[in-house]
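Beneath this line is the structure, given in structure tokens, with notes to follow.
Protein chains: 2
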Amino acid sequence: MSENGTLRRGRPGYDQQGILDVAVAAFIQYGYDATSMGVLADRLGLSKSAIYHHFASKDEILDRALDTALGALEGVLEETDAAGGRAGDRLDHVLRGAVHVLVDKLPYVTLLLRVRGNTEVERRALSRRRAFDKRVTALVSEAQAEGSLRSDIDVRVVERLLFGMINSIVEWYRPGGREDADKLADDVIAVALDGLRMPTSNRVQELLG
Amino acid sequence: MSENGTLRRGRPGYDQQGILDVAVAAFIQYGYDATSMGVLADRLGLSKSAIYHHFASKDEILDRALDTALGALEGVLEETDAAGGRAGDRLDHVLRGAVHVLVDKLPYVTLLLRVRGNTEVERRALSRRRAFDKRVTALVSEAQAEGSLRSDIDVRVVERLLFGMINSIVEWYRPGGREDADKLADDVIAVALDGLRMPTSNRVQELLG
DNA sequence: GGTATTACTAACCGATCGTTCAGTTAGTAT
DNA sequence: ATACTAACTGAACGATCGGTTAGTAATACC
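For the protein sequence lines, the chains are A and B, in the order given.
What the first sequence shows, in our numbering, is residues 149 to 357, in sequence order.
What the second sequence shows, in our numbering, is residues 149 to 357, in sequence order.
Encoded structure:
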């Protein structure tokens, strides 16, 4: 499954990444807990025990997958912080970046968003997620303070609704459909920032203050 | 668990609704597939087989729970259709109603939103959910056509993002917190319809056309 | 051909799964 | 006291679970 120019030693077959991709697809289809190693083996066309050559446990597969998703999302925040700028612009950048990560690593982020907390691996992932949310909330708060965003709604509610919308992408977005990642990011941000309603004259009056 | 004024015949203990409530709480905490009947029995303080007096199977518990959630959501649509009016107003009504259902039946709707499709019960629930979504999308489309909502974004994307936001409530809303259902509905609709951004003079110009 | 590397296997393990069965228990009604 | 109603039990079942073990298999390299 590793098709670089160099010849690989050893028996041809799946590598770790190949197993991981198939595992993640099964985990998001059936749920992690409902996906037995037997189902996974069937899906790979291997025996159950062959999987244990590549990963020590079912848990390790999950851990690796969640790390991929979280790493990408955290990367968006790092890159945004490094760039600096007004909070409103940085938030815009984070939202676009998040949408791109969701689209690029759809199966992995989908798995992450469905984590429950039954095992230590899951609890660690949830903890990293909470830290991510906290940093985004701080950014929203800054954007409210600088006047870019409305401040009549609690900052935590704002962050939750915003990422509720963005995260919903994993439930319905299909790559290769009508919308690519850029268009999707544009739409999400348009809805989030400017809303759905058409302006009325009353609204314009409100806006004029 | 049934504490009406009349005396109930039979041995005191849980009734079906009592078992169901505890089951749903466990299902949303651990996930349906990861909640064994043993875990549920522990939680109820009963034996595993006692559960089978009340419900024929684990599946039947799930079926009953999902029906509760779907029934409530479908009820919002029925009531809105019966009332009639402009599409924009009906959509507003559906959104408020949905938020209220989410808050009032939080555990049940939470369970519904996490259904995967592994069993016939789950697939039936997903089918009902799709029918619900389809009706809301039709309403959004009407509101776009009547000019209440922006029509530069695909109607299906709009419906998905909208309910993505609303449905996210089940992941973070805590009853008895700072926001009651009415305030929450107000906030959700404000964000959805009017967005998050503060107006700038460029925006006002755009709005003026 | 032999060695190193890497992927894969069948049989097995102890534990847990959802469910069944033949009972027992705790209340009300007569 | 007996019958009815409704809730509950321990033991057992066949199936499945995640994982282990002692191998086998297929390639590249020398």
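All residues carry an ideal CB built from backbone N, CA and C; glycine is no exception.
**Message:** Under 8 Å, Cβ to Cβ, is there at least one residue of chain B near A/L341?
**Reply:** Within the first sequence, the letter at position 193 stands for residue 341 of chain A. Yes, because at least one Cβ of chain B sits closer than 8 Å to the Cβ of A/L341.
**With 16 other Cβ atoms within 10 Å as the buried cut-off, status of A/Q165** = Here residue 165 of chain A refers to the residue found at position 17 when the first sequence is read from its first residue. Around the beta carbon of A/Q165, a 10 Å sphere encloses fewer than 16 other beta carbons of the protein chains shown; the residue is thus reported as exposed.
**Prompt:** Which chain A residues are close to B/R264, counting only those with a beta carbon under 8 Å from its beta carbon?
**Reply:** As a working note, residue 264 of chain B is residue 116 in the second sequence. For B/R264, the neighbours in chain A by C-beta distance under 8 Å run, in chain order, Q177, Y178, G179 and A182.
**Asked** Under 8 Å between C-beta atoms, does A/S275 make it to chain B?
**Response** Counting from one through the first sequence, the residue named residue 275 of chain A turns up at place 127. Chain B contact via Cβ: absent.
**Prompt:** Which of helix, strand or coil does DSSP assign to B/L194?
**Reply:** Here the question's residue 194 of chain B lines up with position 46 in the second sequence. Residue state, collapsed to three classes: coil.
**Asked** So which residues on chain A does B/V257 lean against when the C-beta distance must stay under 9 Å?
**Response** Reading the second sequence from its first residue, position 109 is the one you call residue 257 of chain B. Simply none; closest approach about 14 Å.
**Item:** Amino acids of chain B, ordered along the chain, whose beta-carbon sits closer than 8 Å to that of A/S205
**Value:** Here residue 205 of chain A refers to the residue found at position 57 of the first sequence. Going along chain B, no residue has its Cβ under 8 Å from A/S205, so there is no contact; the nearest lies around 16 Å.
**Item:** Residue-chain proximity (B/E327, chain A), Cβ-Cβ < 8 Å
**Value:** Here residue 327 of chain B corresponds to residue number 179 of the second sequence, with the count starting at 1. At least one C-beta of chain A is nearer than 8 Å to the C-beta of B/E327.
**Prompt:** Does the pairing of the region 248-256 of chain B with the region 288-296 of chain B give three or more beta-carbon distances under 8 Å?
**Reply:** At 8 Å Cβ cutoff, the stretches do not touch.
**Request:** Compute the beta-carbon to beta-carbon distance between B/A340 and A/L344, rounded to the nearest angstrom, for a pair I have assumed lies under 8 Å.
**Result:** Position 192 of the second sequence holds residue 340 of chain B. Position 196 of the first sequence holds residue 344 of chain A. Indeed, because the Cβ distance is near 6 Å, the residues count as touching under 8 Å.
**Asked** Can you round the beta-carbon distance between A/A171 and A/L194 to whole angstroms, since I take them to be within the 8 Å contact cut?
**Response** Position 23 of the first sequence holds residue 171 of chain A. Position 46 of the first sequence holds residue 194 of chain A. With a Cβ gap of about 12 Å, A/A171 and A/L194 do not count as contacting.
**Asked** Rounded C-beta distance between A/D281 and A/F311? I'm assuming under 8 Å.
**Response** As a position in the first sequence, residue 281 of chain A is number 133, starting the count at 1. As a position in the first sequence, residue 311 of chain A is number 163, starting the count at 1. About 7 Å; that satisfies the 8 Å criterion.
**Request:** Would you verify that the beta carbon of B/M313 is, or is not, closer than 8 Å to some beta carbon of chain A?
**Result:** Stepping through the second sequence from its first residue, residue 313 of chain B is reached at position 165. The beta-carbon of B/M313 is placed less than 8 Å from the nearest beta-carbon of chain A.
**Prompt:** A/V306 touches chain B at which residues, Cβ-Cβ below 8 Å?
**Reply:** Numbered from its first residue, the first sequence carries residue 306 of chain A at position 158. For the C-beta of A/V306, the chain B residues within less than 8 Å are, from N- to C-terminus, V339 and L344.
**Message:** Closer than 8 Å is the cut-off here; do at least three beta carbon pairs connect the region 207-223 of chain A with the region 297-313 of chain B?
**Reply:** With a cut-off of 8 Å, the region 297-313 of chain B and the region 207-223 of chain A do not count as touching, because too few Cβ pairs lie within range.
**Message:** Give me the subset of the region 234-258 of chain B whose CB atoms are less than 7 Å from a CB atom of chain A, sorted by chain position.
**Reply:** Result list empty, no residue passes.
**Item:** B/L344 in three-state terms, based on DSSP
**Value:** The sequence position of residue 344 of chain B within the second sequence is 196, counting from 1. The answer is coil: DSSP assigns B/L344 none of H, G, I, E or B.
**Prompt:** Does DSSP put A/D155 in a helix, a strand or coil?
**Reply:** Residue 155 of chain A sits at position 7 when you count from the first residue of the first sequence. In the sequence as displayed, the identity of residue 155 of chain A is Leu instead of Asp. Correct three-state label for A/L155: coil.
**Request:** Excluding the 5 residues preceding and the 5 following B/L221 in the sequence, name in chain order all residues of the same chain whose CB lies nearer than 7 Å to its CB.
**Result:** On the second sequence, position 73 is the one that residue 221 of chain B refers to. Excluding residues within five positions, the ones whose Cβ falls inside 7 Å are A246, V249 and F280.
**Request:** Closer than 7 Å by beta-carbon distance: list the chain A residues that pair up with B/G295, in chain order.
**Result:** As a working mapping, residue 295 of chain B is identified with position 147 in the second sequence. Neighbours of B/G295 in chain A, taken as residues whose beta carbon is under 7 Å from its own, are M346 in chain order.
**Request:** State yes or no: is the C-beta of B/L239 within less than 8 Å of the C-beta of B/R283?
**Result:** If you number the second sequence from 1, residue 239 of chain B lands on position 91. If you number the second sequence from 1, residue 283 of chain B lands on position 135. By the CB criterion at 8 Å, B/L239 and B/R283 fall outside the cutoff.
**Message:** Would A/V336 pass as an interface residue toward chain B - the criterion being a Cβ-Cβ separation below 8 Å?
**Reply:** What you label residue 336 of chain A is simply residue 188 of the first sequence in a count that begins at 1. Yes, because at least one Cβ of chain B sits closer than 8 Å to the Cβ of A/V336.
**Message:** Between the alpha carbons of A/V306 and A/V288, how many angstroms are there, rounded?
**Reply:** Taking the first residue of the first sequence as position 1, residue 306 of chain A is located at position 158. Taking the first residue of the first sequence as position 1, residue 288 of chain A is located at position 140. Cα to Cα, the separation comes out at about 8 Å.
**Prompt:** Do B/L259 and B/I176 have their C-beta atoms closer together than 8 Å?
**Reply:** Against the second sequence, residue 259 of chain B aligns to sequence position 111. Against the second sequence, residue 176 of chain B aligns to sequence position 28. Yes, they are a contact pair.
**Asked** What does A/L309 touch in chain B if you count any residue whose Cβ is under 7 Å from its own?
**Response** Sequence index remark: in the first sequence, residue 309 of chain A carries index 161 (1-based). For a Cβ distance threshold of 7 Å, residue set M313, S316, V336 and V339 of chain B lies close to A/L309, ordered along the chain.
**Request:** Give the interface partners of A/R298 over in chain B, defined as CB-CB distance under 9 Å, in chain order.
**Result:** Position 150 of the first sequence, counted from the start, is the residue given in the question as residue 298 of chain A. Against chain B, a Cβ distance below 9 Å from A/R298 picks out A338, V339, D342, G343, L344, R345 and M346.
**Asked** In chain A, which residues lie with their C-beta within 7 Å of the C-beta of B/I209?
**Response** The residue you call residue 209 of chain B lines up with position 61 of the second sequence. By Cβ distance, chain A contributes nothing, its closest Cβ being about 16 Å from B/I209, past 7 Å.
**Item:** Cross-strand partners of A/L210 (DSSP beta bridge)
**Value:** Against the first sequence, residue 210 of chain A aligns to sequence position 62. Residue pairing from DSSP leaves A/L210 without any beta-bridge partner.
**Prompt:** Whose C-alpha, out of A/Y200, A/R264, A/L309 and A/N315, is nearest the C-alpha of A/V257?
**Reply:** In the first sequence, the residue the question calls residue 257 of chain A occupies position 109. Scanning A/Y200, A/R264, A/L309 and A/N315 for the CA closest to the CA of A/V257 turns up A/N315.
**Neighbourhood of A/N266 by C-beta distance below 6 Å, restricted to the same chain and skipping five residues each side** = Against the first sequence, residue 266 of chain A aligns to sequence position 118. Cβ neighbours of A/N266 beyond the five flanking positions: none.
**Asked** How many Å lie between A/I317 and A/Y178 at the Cα?
**Response** Against the first sequence, residue 317 of chain A aligns to sequence position 169. Against the first sequence, residue 178 of chain A aligns to sequence position 30. A/I317 and A/Y178: Cα-Cα distance of roughly 18 Å.
**Request:** State the CB to CB distance for the pair B/R264 and A/A182, rounded to an integer number of angstroms; the pair is presumed to be in contact (CB under 8 Å).
**Result:** Stepping through the second sequence from its first residue, residue 264 of chain B is reached at position 116. Stepping through the first sequence from its first residue, residue 182 of chain A is reached at position 34. Cβ-Cβ separation between B/R264 and A/A182: approximately 7 Å, consistent with a contact (criterion under 8 Å).
**Asked** Can you name, in chain order, every residue of its own chain whose Cβ lies under 7 Å from the Cβ of B/D207, other than the five neighbours on each side?
**Response** Within the second sequence, residue 207 of chain B is the residue found at index 59, counting from 1. Sequence-distant partners of B/D207 (beyond 5 residues in either direction) whose C-beta falls short of 7 Å from its own C-beta, in its chain, are T267 and V269.
**Opposing strand residues paired with B/L259 [DSSP bridges]** = Position 111 of the second sequence holds residue 259 of chain B. By DSSP's assignment, B/L259 forms no beta bridge with any residue.
**Message:** As an exercise, report each continuous alpha helix (DSSP H) stretch of at least 4 residues that is fully enclosed by the region 287-320 of chain A, in chain order.
**Reply:** Within the region 287-320 of chain A, the complete alpha helix (DSSP H) runs of at least 4 residues are 303-315 and 317-320.
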